[in-house]
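If you want the working numbering, it's the 1-based position in the sequence shown plus 1.
Notes to accompany the following structure.
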Amino acid sequence: MGIRGAIPIGFEHVFPYGCYMVGEVEQVRDFAASSAGKPVFARDKATGEFVWQVTVIDCDPEAREKTVKVKVSAPVQPVPPAPLQGLPFIPVEFDGMTVTPWVNNERQAFSFRAREMRAPRTGAGPAKVAVSVSGKDAA
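As structure tokens, then:
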């Protein structure tokens, strides 16, 4: 099979209705290397950068899993966009996303990673994803 490792995927495919950050950006621990009283933090195997985790709420009304964790590799803690007045959560988008499918207790699961977290672009709303129908692209 030609697919090895994480699969590149666009933000608009993962979160077509957008997402909101909840909680804080957290540094991921390397539990295998950590010991009591001496935490060791995870590093990205490809870049060597620290791994941070962001919990988001998927705005898709039909999403099976409403909360999703996205890991971001960066040398320093990613800074979330400024909160918008009147909103309880912070809208975010991710660039350079990848997905790694895996099995969790005989159930399909997905691990999402990103290169960067940022404020959403203007014109937010459901993304139009092209689908091939009988060899022709449709939006």
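The C-beta atom is built at its ideal place from N, Cα and C for all residues, glycine as well.
- Distance from the CA atom of Leu88 to the CA atom of Val52, rounded to whole angstroms, is 27 Å.
- Rounded to whole angstroms, Tyr18 and Ile58 show a C-alpha spacing of 11 Å.
- The DSSP assignment places 51–59, 68–75, 91–96, 99–105, 108–115, 117–119 as complete runs of the beta strand (DSSP E) inside the stretch 39–119, in order along the chain (cut-off: 3 residues).
- Closest option to Arg116, judged by alpha-carbon separation, among Pro81, Phe95, Trp103, Arg122: Phe95.
- Spatial neighbours of Thr101 in its own chain (CB-CB distance under 6 Å, excluding positions within 5 residues in sequence) are listed in chain order as Ala7, Ser112.
- Of the candidates Phe16, Gly11, Pro121, the residue whose Cα lies closest to the Cα of Ala64 is Phe16.
- Taking the Cβ atoms as the reference, Val26 lies roughly 6 Å from Pro81, within the contact range of under 8 Å.
- Pro9 is bridged by DSSP to Thr99.
- For Val26, the secondary structure class from DSSP, reduced to helix, strand or coil, is strand.
- Of the candidates Val77, Gln54, Gln78, Pro79, the residue whose Cα lies closest to the Cα of Lys70 is Gln54.
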